[in-house]
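Numbering-wise (my numbering), the sequence shown opens with residue 294 and increments by one.
Using N, Cα and C, we set each Cβ at its ideal position, and we do this for glycine too.
Have a look at the structure below before the remarks.
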Amino acid sequence: MVDYTELAELAENLFEASDDDDELLAKILDTLDEETKRALLSSDLLNAYQVFYYFFRETPDELTMERLQLHAASDLARGLVIDEVDLYDVVFLMEGGEPVVLLTDGEKALARFSGTGSYGELARYIEEDL
294 MVDYTELAEL AENLFEASDD DDELLAKILD TLDEETKRAL LSSDLLNAYQ
344 VFYYFFRETP DELTMERLQL HAASDLARGL VIDEVDLYDV VFLMEGGEPV
394 VLLTDGEKAL ARFSGTGSYG ELARYIEEDL
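Structure below.
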């Protein structure tokens with residue numbers, strides 16, 4: 294298990310090294326061992342946007358980005374509504390260290406995708422099947 298104090302120091306060093314560059318932060322995270330990376334990606338030390346960018350390597354629209362930046366990465370265990378499409382919510386969450394996106398009506402999931410390609414898969418689903 295990773296010591297929280299050491300993890301906080303590492304996060305601070307990562308922020309200094311990446312200088313608010315999302316792509317550089319993601320590349321640096323790639324170099325970490327799995328246990329440390331997983332601890333950071335599920336902690337209060339990163340925000341949900343940094344986790345989103347790490348997994349999907351793309352910048353969402355401004356509203357989605359702002360929603361993600363307002364939440365800690367640890368909030369992704371419960372899931373965050375990051376967008377609305379018609380009457381449906383797009384939810385981003387983490388399960389077992391993997392990113393998951395859902396399209397839900399609030400009671401049941403209409404579509405569920407997991408893995409690093411899941412955000413693009415959901416976009417295609419919305420475009421083609423909704």
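Residue pairing for Asn340: DSSP places it in a beta bridge opposite Ala365. For Glu327, the uninterrupted alpha helix (DSSP H) run begins and ends at 327-334, by DSSP. Within its own chain, no residue has a Cβ closer than 6 Å to the Cβ of Arg371 once the five positions on either side in sequence are excluded.
Separation of the CB atoms of Ala310 and Ile321 is rounded to 6 Å, and the pair is thereby assigned contact status at 8 Å. Looking at the backbone, the Cα of Leu415 and that of Leu380 are separated by about 15 Å. For the pair Ala365 and Ala332, the Cα-to-Cα distance works out to about 13 Å. Just measuring C-alpha positions, the residue of Asp314, Ala301, Val374, Asp313 sitting nearest Met387 is Val374. For Val378, DSSP records a beta bridge to Tyr381.
In the structure shown, the three-state DSSP call for Met387 is strand. For Leu403, the number of other beta carbons within 10 angstroms of its own is below 16, and it is reported as exposed. Nearest in C-alpha terms to Arg360, of all of Ser336, Gln343, Phe349, is Gln343.
Distance from the Cα of Val378 is smallest, within the candidate group Asp315, Glu420, Tyr297, Glu302, for Glu420.
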